[in-house]
Structures are given as C-alpha cells and as structure tokens.
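Numbering (full-length UniProt numbering), first residue to last: 1 to 202.
Accompanying notes for the structure given below.
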Amino acid sequence: MQLPTNSARQLEIGDHTRERIVQRHGCRQAPQDDAGEGLPVGLYAAQCEECFKWRLISSQEEYEDIRSRLIEEPFTCHRKTDTSCEDPPDIDYDTTRTWVIDKPNLPKTPKGFKRRLVLRRNFSKLDAYYVTPTGKTVRSSTKMLTFVEANPQYKDIPLSDFSFAVPKVMEETVPESILKSGFSSCKRSKKTKDESVDIDGR
C-alpha cells in the first residue's frame, strides 16, 4: 500500500494541534501464531510546526517533555541541535512501520515511575500502564489511587499526572497481513488484553 506524498500533512486537517506529534513504533509483519516474540524497538517522532517534516526524538523522556507542552510550545526543527527546516526529514510517514497518533499535553511520567504501552496483537488498539518504583504494574486510575494510598511517600504526586489515554493506531500503516486477517472486525470486537504484545522497545 503506497501513501500519497502529502499524507502526513493531511493528518493535521480537522484537528490542527492533536496531529502535531506522533509516537512511532516499529512492527514486523509476522504471522499471528508467532506469539513468543515482541515487536522491534519503538521510535519517537515529532512533526515540525513550520515545515511539516518529521524529526526523531532521542528518548521517551524528551518525547514526553515535548508532548506535555505541545499546545503552548509547538515543536519546530530548531529545537533539535544543529537542525533546521532546510534539512531533510529524519523519517517519512509511510507503511514501513506502524504509526500511532498521540494526544497533546499529556503529563510527563512522574519521577521513579515508568509508563509503558502495549499494542494488542490484532493491532486494534494500545493499552497503557505504569510500573511503580516498587515494581508493581498499575493498569487504571483506580488501581493507582489504591497504590498511592498504600504508599504515602507518593501522596504528593497528583493523580492527574498519571494518564491512561492511549495513542490512536493509524490503520493505513497497519501491515497488510494483519488487515487481511480481520483487523477491522477484531477492532470492533475489542479482543482481550491477553492477545497483546509489548512495543515499549525493551
């Protein structure tokens, strides 16, 4: 499947701010019964407000920092060292990897915690969870409240700093093998989490 050359810019029509930053994860077009392996390392990327080129972001921490203030401080090429709009894009929006669109202004992950994303094996959606400093996995705001109440040393962290909002999977970048196997029907039926694979990159 070949995308038109202006497809990345087209993503911004209708919601000018939301489509300004993308969290990009790698995927391999493996058969569905290959359940023992995860997906390749994920990549983070942001789109320049001025030239619409994509720039790779070096770490999850830097990506979250950009995303947390995206409405107030739109991303531009000049935020990367020795980079300008005159330089070629770092990556192109295409079907060589599966892309997911993130929401702007989500909070940065509190210090000591780790936010992870899991892509369901049918590619229908992602799930978000946090790993606490104690190693506990928390999958909902309710469970996070329970954890904080049981560990008062974290009571000063606002619960609003934990977001379980997940990026949107861009269907046109899902591997054809997944689409042919019933991506749309799987998406509607909302398969359970036990069909998920970790694309956090570790």
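Note that the Cβ used here is the ideal one computed from N, Cα and C, for glycine as well.
This structure is a prediction, so every number in the text was calculated from the model and none was measured.
field: With 16 other Cβ atoms within 10 Å as the buried cut-off, status of Lys136
entry: Sequence index remark: in the sequence shown, residue 136 carries index 136 (1-based). Exposed.
- request: Would you mind working out which of Thr134, Val169 and Ser163 sits nearest Pro152, comparing C-alpha positions?
  value: Here residue 152 refers to the residue found at position 152 of the sequence shown. Taking only the C-alpha atoms, the option nearest Pro152 is Thr134.
query: In angstroms, rounded to a whole number, what distance separates the CA positions of Met144 and Glu50?
result: For the purposes of this step, residue 144 is identified with residue 144 of the sequence shown, where counting begins at 1. For the purposes of this step, residue 50 is identified with residue 50 of the sequence shown, where counting begins at 1. Rounded to whole angstroms, Met144 to Glu50 spans 39 angstroms at the Cα level.
field: Presumed contact (8 angstroms Cβ cut-off) between Leu126 and Pro167, rounded CB distance
entry: As a working note, residue 126 is residue 126 in the sequence shown. As a working note, residue 167 is residue 167 in the sequence shown. Contact holds; Cβ gap of about 6 angstroms.
task: Quick one: give me the first and last residue of the beta strand (DSSP E) that Lys111 is part of.
output: Within the sequence shown, numbered from 1, the residue matching residue 111 stands at position 111. Premise fails: Lys111 is in no beta strand (DSSP E) and is neither H nor E.
task: Would you mind giving the Cβ-Cβ distance between Lys53 and Cys85, rounded to the nearest angstrom? I have them listed as a contact below 8 angstroms.
output: In the sequence shown, residue 53 corresponds to position 53, counting from 1. In the sequence shown, residue 85 corresponds to position 85, counting from 1. At roughly 7 angstroms, the Cβ-Cβ gap stays under 8 angstroms, so Lys53 and Cys85 are in contact.
task: On a CA-only basis, which of Tyr130, Tyr93, Thr142 and Arg79 is nearest Glu171? Give me that one, please.
output: Taking the sequence shown and counting its residues from 1, one reaches residue 171 at position 171. If we check each option's Cα against that of Glu171, Tyr93 comes out closest.
task: Consult DSSP for Arg139 and reduce its assignment to one of helix, strand or coil.
output: Counted from its first residue, the sequence shown places residue 139 at position 139. Coil, per DSSP.
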